[in-house]
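Colleague: The working numbering applies: residue 8 is where the sequence shown begins, and numbers increase by one.
Glycine included, every Cβ here is placed at the ideal spot set by N, Cα and C.
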Amino acid sequence: MISAGDFRNGVTIEVEGVVYQIIEFQHVKPGKGAAFVRTKLKDVINGGVVEKTFRPVDKYPQARIDRKDMQYLYADGDMYNFMDNESYEQIALDANTVGDALKFVKENEVCKVCSYNGKVFSVEPPLFVELEITETEPGFKGDTATGASKPAIVETGAKINVPLFVEIGEKIKIDTRTGEYMERA
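(1) Is the CB-CB distance between residue 101 and residue 86 below 8 Å?
(2) Give every residue of the same chain whose Cβ lies closer than 7 Å to the Cβ of residue 25, excluding the five residues on either side of it in the sequence, and list them in chain order.
(3) Check whether the region 79-96 and the region 32-49 are in contact - that is, three or more C-beta pairs closer than 8 Å.
(4) Any idea if residue 134 is buried or exposed, counting beta-carbon neighbours within 10 angstroms, 16 or more meaning buried?
(5) Using only the alpha-carbon positions, how far apart do residue 82 and residue 88 sit?
(6) Once DSSP output is grouped into helix, strand and coil, what is the label at residue 102?
(7) Beta strand (DSSP E) containing residue 75: first to last residue?
(8) Should residue 120 be labelled buried (16 or more other beta-carbon atoms within 10 Å of its own) or exposed?
Laid out in structure tokens, this is it:
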């Protein structure tokens, strides 16, 4: 059990049978009345975000989220297949569960599959990936002083903005959380 006074970002709790992850929290001590904790919570199963207030003495059970490293094998229509590298057990997840998580992930890369009580609710890609540019406009010599960018398509089919000096065939490093170009690989 965790009290509302001990809430931190990223902690998962169970409130009224629903598992939430704390996105933001704020301890509020008004001039009059009792203190309270204002939170922004994300439902880990359906992704909805709600705001709730708690008394600092309220206690809630901490939910245990299992994150398992699994290798992304291939996509088959709307199903995405993953394999556990330890037991070689394979699972297929639908497009709603995966969402945009595999936008920058190539086949055979390792991702984290998140589950609660055996039910998979999301996939977390690696934080950084190296991908090859397959399509972009040519850059012009000397056009780098402005810090401008141009659209490019990487080998997974995702579109990102890259600096003008990046050419087709180059490998680049991408931050999967923001979808931004980091550097040349």
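Modeller: Taking the geometry as given:
(1) Numbered from 1 along the sequence shown, position 94 holds the residue referred to as residue 101. Numbered from 1 along the sequence shown, position 79 holds the residue referred to as residue 86. One thing to note: residue 101 has its Cβ within 8 Å of the Cβ of residue 86.
(2) What you label residue 25 is simply residue 18 of the sequence shown in a count that begins at 1. The beta carbon of residue 25 sits closer than 7 Å to the beta carbons of 50 from its chain, once the five residues preceding and following it are set aside; these are given in chain order.
(3) No, because fewer than three Cβ pairs between the region 79-96 and the region 32-49 fall closer than 8 Å, the two stretches do not touch.
(4) If you number the sequence shown from 1, residue 134 lands on position 127. Under this definition residue 134 is an exposed residue.
(5) On the sequence shown, residue 82 is found 75 positions in, with the first residue counted as 1. On the sequence shown, residue 88 is found 81 positions in, with the first residue counted as 1. Distance from the CA atom of residue 82 to the CA atom of residue 88, rounded to whole angstroms, is 6 Å.
(6) As a working note, residue 102 is residue 95 in the sequence shown. Correct three-state label for residue 102: helix.
(7) The sequence position of residue 75 within the sequence shown is 68, counting from 1. Segment 73-83, the beta strand (DSSP E) holding residue 75.
(8) Locating residue 120 in the sequence shown gives position 113, where the first residue counts as 1. By the 10 Å Cβ count, residue 120 comes out buried.
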